[in-house]
Amino acid sequence: MSALVELRDVVKHFPVSRSLGEIVRGRHPAVRALDGVSLEIGASDAVAVVGESGCGKTTLGRLMLKLTEPSAGAITFDGTALGGLSGASLRAFRRQAQLVFQNPFDALNPRFTIYRAVAEPLLNAGIPRAEHADRVAQAFRRVHLPDLERYLDRYPHQLSGGQLQRVVLARALVLAPRFLVADEPVSMLDVSVRAGILALLREVRDDMGLTAVYISHDLALVRYLCERTVVMYLGTMVEDGPTAEIVRNPRHPYTRALVAAVPVPDADQARAPLPIAGNVPDAREPPSGCRFRDRCPHAFARCAEEAPALRETADGHRVACHLDN
Ligand SMILES: Nc1ncnc2c1ncn2[C@@H]1O[C@H](COP(=O)(O)OP(=O)(O)OP(=O)(O)O)[C@@H](O)[C@H]1O
Ligand SMILES: [Mg+2]
């Protein structure tokens, strides 16, 4: 199957302000948010991107939506380089690729009614006003907010978190996009409504044949949504494969720690939690070689000398670890 979204050696560094010493020494420090990410996402695939805070998940999502530009590397959507889009071609891309925010309370303009919030993308896309009401109603049905009338004149603060996230999703779906990035779509919501929103995400994805990326630090949560999982660590991909494989047979020591940290009902056997010492290192000065090495219980000399490449170990399963070679 051909890829809908493709990343080739994508790098994203954020320059940070320089100290006097750094200016004198001619150094240009940067947060190395992503360093050489290559990834292909097939049409109608759902990919989970997991990893600890600061590993680059949001940056990756924003790059795929052209909400930020890569420092190096190339990103294509349906065969077209995002770097070359502007004007009409950029607007066409924006209609097809949508973001669902983490915090529904921040995602909507508090001064806009719910109707206006969901109709706004239609307005921006130049869809004739006469079509708006029907399209908004259809989007509301999709997210199971029946009884649209009840919501139309209300403002965001008058809705619950779960209702708001449904409205945010309706807004993302109103232009019938092909690609959706959901960044921690339920982490700000009350536990009681999370399962409902996850089921809804699954349903709209299946119904609309969406290609989707779900970003989360919680593997347990996205494994339910995605057939494929990408594990990130400090700006690099450490493992990529079918979610079931990753959960049953995690190869990278970091993935093993992630899997051990969540209850996995169908795991072959109960795994003792892998101790991983310390915190994620500073992304301005990542360790040489393998970025996980100073927290890895199996690190050996080569890990400090050479960054392990992402290598295919079995059908569709890729791992970046010297132990796996
Ligand atoms: N605009 C920015 N300017 C400077 N640094 C940034 C910027 N955006 C992100 N970063 C840094 O890039 C790194 C990756 O950030 P990112 O938000 O992509 O991580 P994340 O995996 O989404 O984390 P979280 O789970 O906390 O949301 C972090 O070190 C972060 O501080
Ligand atoms: Mg994030």
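For the sequence shown, counting from 1, position 130 maps to 1260 in this note's numbering; every step adds exactly one.
Think of the CB as a built atom: it goes at the ideal place given N, C-alpha and C, for glycine as much as any other residue.
| Check | Outcome |
| --- | --- |
| Runs of alpha helix (DSSP H) lying entirely within the stretch 1299-1342, each at least 4 residues, in chain order | 1321-1338 |
| For review: beta carbons within less than 7 Å of any heavy atom in ligand 2 | K1187, T1188, D1313, E1314, I1345 |
| Any non-hydrogen atom of ligand 4 within 7 Å of G1184 CB | Ligands in the displayed structure: ligand 1 and ligand 2; ligand 4 is not one of them. |
| Bounding residues of the beta strand (DSSP E) (the contiguous stretch that carries P1167) | Going by the sequence as given, residue 1167 is Val instead of Pro. Element bounds for V1167: 1160-1172. |
| When D1320, V1323, R1308 are compared against D1337, the one with the closest alpha-carbon | R1308 |
| Backbone secondary structure at I1153 - three-state DSSP | helix |
| 8 Å Cβ cutoff met for G1213 and V1140 | no |
| Three-state secondary structure assigned by DSSP to D1445 | coil |
| Residues near D1208 in its chain [Cβ-Cβ closer than 7 Å; skip 5 each side] | L1134 |
| Ordered list of beta strand (DSSP E) runs contained in the stretch 1221-1304, each at least 3 residues | 1227-1230 |
| Nearest to L1190 (by Cα), restricted to the options S1183, A1211, T1206, K1142 | K1142 |
| Simplified DSSP state of Q1399, which is helix, strand or coil | For Q1399, the predicted structure reports a pLDDT of 49, less than 50, and the residue's modelled location is therefore unreliable. A value from the coordinates is still provided. Looking at Q1399 - three-state DSSP - the assignment turns out to be coil, as it is neither helix nor strand. |
| Cβ-based burial, G1184 [other Cβ within 10 Å; buried from 16] | buried |
| Spatial distance of F1430 from D1424 (CA atoms) | 10 Å |
| Cβ contact (3+ pairs, closer than 8 Å) linking the stretch 1308-1318 and the stretch 1223-1239 | yes |
| Spatial neighbours of A1229 in its chain, beta-carbon cut-off 6 Å, leaving aside the 5 residues before and after | Per the sequence shown, the amino acid found at residue 1229 is Leu instead of Ala. Within the same chain, L1229 has close Cβ partners L1195, V1311. |
| Pick from T1359, A1160, V1323, G1151 that is closest to R1378, judged by C-alpha positions | T1359 |
| Straight-line gap, L1364 to R1301 (C-alpha atoms, nearest Å) | 32 Å |
| Nearest candidate by alpha-carbon position, reference E1357, set I1376, S1346, V1368, M1367 | I1376 |
| Rounded straight-line distance, which links the Cα of R1448 to that of G1160 | For clarity, residue 1160 is Ala in the given sequence; the question names Gly instead. Using only the alpha carbons, I get a separation of about 28 Å. |
| Outcome for L1150 when other beta-carbon atoms lying within 10 angstroms are tallied against a minimum of 16 | exposed |
| Nearest-angstrom beta carbon gap, R1381 and D1454 [assumed within contact, 8 Å] | 6 Å |
| Backbone CA spacing between Y1285 and R1332 [nearest angstrom] | 27 Å |
| Inter-residue Cα distance where the pair is R1265 and P1251 | 11 Å |
| Integer-rounded CB distance, given that L1340 should sit under 8 Å from I1327 | So it is not a contact: roughly 15 Å between Cβ atoms. |
| Given 8 Å, three or more beta-carbon pairs between the stretch 1213-1227 and the stretch 1152-1170 | no |
| Minimum C-alpha distance to L1349 - residue among G1256, R1386, A1173 | R1386 |
| For S1219, the three-state DSSP class (helix, strand or coil) | helix |
| L1195 in three-state terms, based on DSSP | coil |
| Presumed contact (8 Å Cβ cut-off) between R1280 and L1330, rounded CB distance | The Cβ separation is near 18 Å, so there is no contact. |
| Any non-hydrogen atom of ligand 1 within 7 Å of V1449 CB | no |
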